[in-house]
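Position one of the sequence shown corresponds to residue 1475 (my numbering), numbered consecutively onward. Ideal placement from N, C-alpha and C gives every residue a C-beta, glycine not left out.
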Amino acid sequence: MSHIRLAHEVAAVPESALSSRLILLMAAGAGFSVAALYYNQPMLGLLGADLRAEPGSVGLVPTLAQLGYALGILLLSPLGDRFDRRRIILVKAAVLILTLAASGLVPGIHWLLAASLATGIAATMAQDIVPGAAALAPASQRGKAVGTVMTGLLLGILLSRVVSGIVADQLGWRAMYLLAASGVLVVTIGLWRGLPSFAPTTHLSYGGLLSSLAALWRRHGALRRAALAQGLLSLGFSAFWSTLAVMLHQHYGMGAAEAGLFGLAGAAGALAAPLAGRLADRRGPETVTRLGAALTVSSFAAMAVLPLLPPTAQVALIVAAAIGFDFGIQASLVAHQTIVYGIDPGARSRLNALLFTGMFIGMAAGAALGSAALVRWDWAGVVVVATIAAAAALVVRLAR
């Protein structure tokens, strides 16, 4: 009964608490925090040369950031059901500022690897902000609120590469990390001033929260399918983006700035968030997950014809594929969140933690598998890895 009573306390937050300004602030917070995971990708060549690191060690920078994010979601995000989310968000933001600043000052690759892991853990403040928006919103505005915050999060993922590529090319990779820390600081001040407190929805101990994750996982087949399918889609996503800068440099002579600009193509995928939400309301989220996975498979598979095209057409196809699969993956994510958030409102943080743990395990695996495939089989290997992963996700969504 205490769970039900506390859940009603959260639902009773007045609508005035969720102003348009606050929603935009939460979207910015989600975007700036999750962007911290991706600034490194266009800069890997620059920082590897500057730190005199081997390619294998450099490849661990994005891998450890994604792994830290997955660990942080699994071990820390469930606390949002037990404690005030506002306090959790602000503590993680402070740690993220410190880890980003440290990344810009490290003397060697091993220090950067440690900072990348810590950055990934702290960046999970984004996964406290998204369910926070769902908790604050009245039922009539929940889809719109979550869609807006997710748009900010997705833009943070995709535009981070554009910004970091340009800044690293002009000012150096260390300057990018320091600017990122400054950006999180500004957003944190806004969240400190504007974010209301959240009533907890459970009195479970930390051990009880973690134990309940296993129970939720066993109990809800819809959760398992969502986490597995989104994890597979994310594997392909990460395999592509974590190796793109290296491939563009090797095959086309492009630098960090040019590689970062490819993020503009992927940013089109952020448009999928509000569109997928509306389509899920009309046709059901299951339909959206299948359409998104099918579009992702098609986009990855299309790159198999790259060797048959002239260089200019190859680049155009890579851009078109990035638009297609980013749109498909983000549409699937919003639909999967719609499914998961509807399972048990009182366990929203824990359900979100399980969904995103699966997603970022896929991200970490994609970065590792993509790098290995690029070394052994060149870009064709990356395309095969991404296509197989997306096809497996489609099978999961169709197998009902």
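Item	Value
Which of helix, strand or coil DSSP assigns to Ser1493	coil
Option nearest Pro1605 by Cα separation, candidates Asp1818, Ala1839, Val1641	Asp1818
Status (buried if at least 16 other CB within 10 Å, exposed otherwise) for Ala1787	exposed
Coarse secondary structure for Thr1761, derived from DSSP in three states	helix
Simplified DSSP assignment, three categories, for Pro1674	coil
Reference Ala1649; option with closest CA among Ile1595, Phe1736, Leu1574, Leu1690	Leu1574
Gln1644 burial status per 10 Å Cβ neighbour count (16 or more: buried)	exposed
Complete runs of the alpha helix (DSSP H) confined to the region 1615-1699 [at least 4 residues]	1616-1645, 1647-1668, 1680-1693
Secondary structure of Phe1714, DSSP reduced to three states	helix
Short Cβ contact (7 Å threshold) for Ala1846 with Gly1710	no
Stretch-stretch touch, CB-based, cutoff 8 Å, three pairs: the region 1653-1673 with the region 1559-1570	yes
First and last residue of the uninterrupted alpha helix (DSSP H) at Pro1785	1785-1815
Straight-line Cα distance separating Pro1581 from Arg1526	11 Å
Endpoints, alpha helix (DSSP H) assigned at Ser1823	1822-1872
Straight-line gap, Thr1598 to Ser1685 (C-alpha atoms, nearest Å)	20 Å
C-alpha gap between Ile1563 and Gly1594, whole angstroms	14 Å
Cβ-based neighbour list, Met1837, same chain, cut-off 6 Å, excluding 5 preceding and 5 following	Gln1540, Ser1708, Ser1712
Residue closest to Gly1657, alpha-carbon to alpha-carbon, out of Thr1861, Gly1503, Tyr1815, Arg1871	Gly1503
Sufficient close CB pairs (3 or more, under 8 Å) joining the region 1665-1676 to the region 1536-1550	no
Exposure of Arg1757, with buried meaning 16 or more beta-carbon neighbours within 10 Å	exposed
At least three beta-carbon pairs within less than 8 Å, the region 1821-1834 to the region 1554-1562	yes
Leu1829, buried or exposed, once every other Cβ within 10 Å from all chains shown has been counted against 16	buried
Beta-carbon proximity list for Ala1854, same chain, < 6 Å, skipping 5 on both sides	none
Residue from Ala1576, Val1779, Ala1750 whose Cα sits closest to the Cα of His1810	Ala1750
Per-residue burial, Arg1693 [other beta carbons within 10 Å of its own, 16 or more giving buried]	exposed
Between the CA atoms of Leu1627 and Leu1652 - distance to the nearest angstrom	20 Å
Enclosing alpha helix (DSSP H) for Pro1536 [first to last residue]	1529-1549
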